[in-house]
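Taken in order, the sequence shown gives residues 5 to 736; the numbers are from my numbering.
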Amino acid sequence: MLVVPACAWAQDFGDGQDQFGQFGTDPNNPSGNAAGIWGRDTTSSSEKEIPIEYHQWFIDERLGRVIPQAYNDTLPHLFQNFNATDGLQGEYNILGNLGSPRYARNWLDVPVANDFLFTEPFSQFHTTPGNILFTNTKSPVTNLQYHKSGTKQDGQDRFRSYFATNVNKQAGFGFKVDYLYGRGYYINQASSEFGGNLFGYYQGERYDMHAFVGLEHMKMVENGGIEDDAYITNPQSFPRKYGSRDIPTVLQSTWNRNDQQTYYLTHRFNMGFERELEVPDSLKPVMPGNEELLKRLRSDSLVTVLKEDSIRMGLTLDSLRQAWQAEQITPTEFIPVSSLIHTFHMRRLEHTLYGENGIPSGYFTKETPFYSSDYKRIHDRTTMLSVKNTLGLQLREGFNKWAKAGITLFAAHELKRFELPSLATNDTLYAFDRYTENHVSVGGEISKTQGRTLHFNAGAEVWLIGPDAGDLDIHGSTDLNFRLGRDTVRFEVGASFKNISPSFVYEHFHSEPTWWDNELSQETRTRIEGKLTLDRTHTSLRFGLENISNYTHFASLLTPVYGTDSVITSYTRDVCVRQQSGSIQVMSATLRQELHAGIFHWDNEVTWQHTTKPNALPLPTVSLYTNPYIVFHIAKVLRVELGADMRYFTSYYAPDYSPVVNNFMVQDAAQERIKIGHYPIINAYANFGIKRVRGYINVSHVNAGTGHQFWAPHYPIDPMSIRFGISWNFYN
């Protein structure tokens with residue numbers, strides 16, 4: 005049999021870890037296919053080393069397309085912000101506590117609302133099949149992380165673990181466990197979230213498979229914000245000094261809870277042909293000599309007889325040569341031409357709002373609940389189920405000279421079921437209104453992912469049957485990579501057109517304090533965005549323009565309560581859904597520049613945005629992140645990073661938060677509104693990394709004590725606190 009040397013792993017990546025806390029990727033083998041010698045070191049060394057090479061990838065949820073994860077070896081850089089709910093660069097509005105709901109301030113990062121929008125604000129914690137990292141590793145790899153701040157009364161803790169191992173070169177599995185508990189620096193603010201995810205894959209020549217199971221529990225106490233912003237903005241107006249946990253909040257004994265289960269399987273059968281490999285003459289096997297061929301007879305007496313008869317010897321040798329030649333197997337490779345794809349995706353979410361004597365009189369606009377006698381006990385439960393099957397046929401990229409791009413056609417069926425409280429519910433009976441929907445859609449895409457210079461992807465999907473019939477989603481993107489002098493330039497452009505029905509929750513929502521069954525128009529979004537990156541100067545410019553018609557969003561409704569002198573003393577609250585008439589245009593540009601000289605580094609990112617309808621879609625004009633720091637080594641093994649970073653955004657009427665829908669909502673423009681922003685938030689930190697261990701100490705909000713300190717209306721920024729964390733990689 006011919007023996008052809010296998011490709012070896014190109015580089016030992018040690019304990020490389022990306023900035024999101026997972027593991028590194030081999031940039032020389034980004035395809036996600038295993039290569040090289042497998043298992044532990046087999047050399048004769050008395051002390052065997054454990055091989056620690058691995059590479060990782062994400063998948064596209066619809067059809068299971070592999071998306072290589074670029075290797076990142078910058079940690080411990082920014083590790084101090086990994087556990088921050090407000091994001092790596094403070095780009096989210098939050099409620100303050102660890103694991104609280106959050107909302108992106110950069111419009112280009114805000115996702116289109118889906119039917120499971122109750123979990124969207126928990127993007128820091130929520131895991132989907134599309135954002136789990138699949139790992140191909142030579143040795144089992146484990147990452148353990150622990151993050152801590154505060155005391156037993158107000159502390160925040162988070163433990164994360166990630167494990168991955170291989171069964172063989174083609175198959176592997178692993179799990180991720182994530183648990184956080186934030187007591188909160190303000191009262192009635194605690195959060196408790198637990199997630200367990202199991203994943204596995206098989207990558208063969210003719211069959212590929214990725215599977216994922218996720219179970220998540222997210223529970224948070226709702227305090228409705230502090231009673232009076234003056235506790236933060238003008239503390240001198242009160243007769244005594246209030247600590248953060250002394251400040252009264254609007255709500256107590258009120259909780260939101262989300263329990264979600266996800267079951268996912270995508271697999272494909274590859275069809276193609278075997279092609280013979282061209283082997284260099286130096287690697288081709290050499291015909292054995294006569295003596296070696298005669299040894300195959302395994303009979304010394306027969307060999308002796310043949311040596312006395314030259315004619316029979318010649319015939320026998322000819323026969324042995326033919327037999328040896330027949331035994332040689334020409335090496336071949338499998339060339340996939342097309343693939344049959346099936347994806348199964350099931351999600352179930354149960355969202356519940358609880359309240360036990362925690363709703364003050366006059367908090368809700370509706371004085372009596374829709375289906376209970378009073379607000380002493382709230383138990384609003386909404387259940388959502390989605391079962392989606394997608395079948396696809398793919399013509400593989402580059403399978404012949406007439407079809408350089410890959411072409412995929414697919415059809416999908418999705419069953420959706422929703423259960424909402426019914427008006428038949430009362431204090432002793434819980435009844436539901438049930439909605440069942442069947443959706444059928446078809447679509448296709450064309451893509452080019454091979455090569456280094458030009459890549460593109462374009463696709464479309466149209467819904468044919470069901471409540472969303474007539475919806476349309478067209479999208480495309482391309483990137484161009486080229487040399488400009490001594491620099492490498494990447495230019496990326498994307499565009500999309502979406503004519504889609506609003507989320508089911510925007511159309512139907514039943515609860516004790518608010519209720520709606522809306523008939524809404526389709527929302528139309530047209531977006532173009534691009535990004536220019538210069539590797540040598542560490543510069544990137546991202547820009548985008550979007551036009552939105554019938555923009556659909558949650559909105560606050562405040563009803564004034566007047567005193568005897570006709571002065572507004574308070575407001576009652578409600579939440580509704582609004583569709584903005586006409587169009588909204590949003591423009592955005594983000595410039596990122598990293599500077600360094602010797603041990604000194606300075607990272608900067610500034611975002612400018614403009615919205616034509618700030619009452620419906622409010623955005624800060626400018627958002628800024630700046631991070632000066634120094635990097636040095638101690639004893640050549642301990643990497644140390646010392647710095648102070650600042651996040652800042654200009655003041656604007658930021659979205660308020662509604663505990664009823666567990667989401668952010670636009671403030672009521674008909675009443676007095678609250679501005680937040682125009683306040684720098686400064687953290688000082690020290691990061692370290694030694695071998696497979698990395699950690700940080702972060703003094704957050706070191707400038708606490710002055711200014712308008714709010715992450716969201718009525719939700720203050722946590723006071724100054726010391727936070728620390730550690731991450732450790734193990735290989736065995």
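For glycine and all other residues, C-beta sits at the position ideal for the given N, C-alpha and C.
Ranked by Cα distance from K299, the options F277, R325, N274 and E282 are led by R325.
For P289, the number of other beta carbons within 10 angstroms of its own is below 16, and it is reported as exposed. For G208, the closest alpha carbon among the candidates G567, T625, K695 and V171 is that of V171. Sixteen is the threshold: when 16 or more other Cβ atoms of the shown chains lie within 10 Å of the Cβ of D182, as they do, the residue is buried. The way I'd put it, the region 664-682 does touch the region 552-564; three or more beta-carbon pairs between them come closer than 8 Å. Closest by C-alpha distance to T440, out of A428, P471 and W467, is P471. Distance from F414 to G448 at the Cβ level is roughly 7 Å; contact confirmed, criterion being Cβ atoms closer than 8 Å. The Cβ atoms of K392 and H349 lie closer than 7 Å to each other.
Around the beta carbon of R210, fewer than 16 other beta carbons lie within 10 angstroms, which makes this residue exposed. Using a 10 angstroms sphere on the CB of K245, the tally of other CB atoms stays under 16, which defines it as exposed. Assignment of P659 by DSSP, reduced to helix, strand and coil, places it in the coil class. Between Q84 and Y689, the CB-CB gap stays under 7 Å. Excluding five sequence positions before and after R351, the CB atoms of its chain that fall closer than 6 Å to its own CB belong to T266 and S390, given in chain order. When DSSP states are grouped into helix, strand and coil, Q149 belongs to the strand group.
Contact check between the region 409-429 and the region 88-98: fewer than three CB pairs, one atom from each, fall below 8 Å, which does not count as touching.
Remark: C-beta atoms of R546 and G94 do not approach each other more closely than 7 Å.
Residue range L642 to F653 is occupied by the beta strand (DSSP E) that includes Y652. The C-beta of V571 has fewer than 16 other C-beta atoms within 10 Å across all chains shown, which makes the residue exposed. For K223, DSSP records a beta bridge to S196 and R261. Two segments are said to touch when three or more pairs of C-beta atoms, one from each, lie closer than 8 Å; by this definition the region 360-373 touches the region 504-520.
Segment contact: the region 570-584 against the region 133-153, fewer than three CB-CB distances shorter than 8 Å; contact not assigned. Looking at the backbone, the Cα of S365 and that of G200 are separated by about 40 Å. Between the alpha carbons of I532 and G480 lies a distance of about 10 Å. In the three-state reduction of the DSSP assignment, F126 falls in the helix class. Cα atoms of Y575 and E550: separation of roughly 35 Å, rounded to the nearest angstrom. Per the coordinates, the alpha-carbon of L399 lies some 31 Å from the alpha-carbon of T528.
Burial check for N274: the Cβ neighbour count within 10 Å reaches 16 or more, so the residue is buried. 7 Å or more divides the Cβ of T132 from the Cβ of N262.
Within the DSSP secondary-structure output, V290 pairs in no beta bridge. Listed in chain order, the non-local C-beta contacts of T146 below 6 Å within the same chain comprise F167 and F734, local neighbours out to five positions each way being set aside. Annotation for G567: T573 place their beta carbon closer than 6 Å to its own, counting only its chain and skipping 5 residues before and after.
Remark: fewer than three beta-carbon pairs, one from each stretch, lie closer than 8 Å, so the region 225-242 and the region 333-345 are not flagged as touching. The beta carbon of E65 sits closer than 6 Å to those of P133 and G134, all from its chain and outside the five residues before and after it, given in chain order. E511: member of the alpha helix (DSSP H) spanning F508 to E511, first to last residue. DSSP places E331 inside the alpha helix (DSSP H), whose first and last residues are S314 to E331.
Residue environment for F604: exposed (fewer than 16 other C-beta atoms within 10 angstroms of its C-beta).
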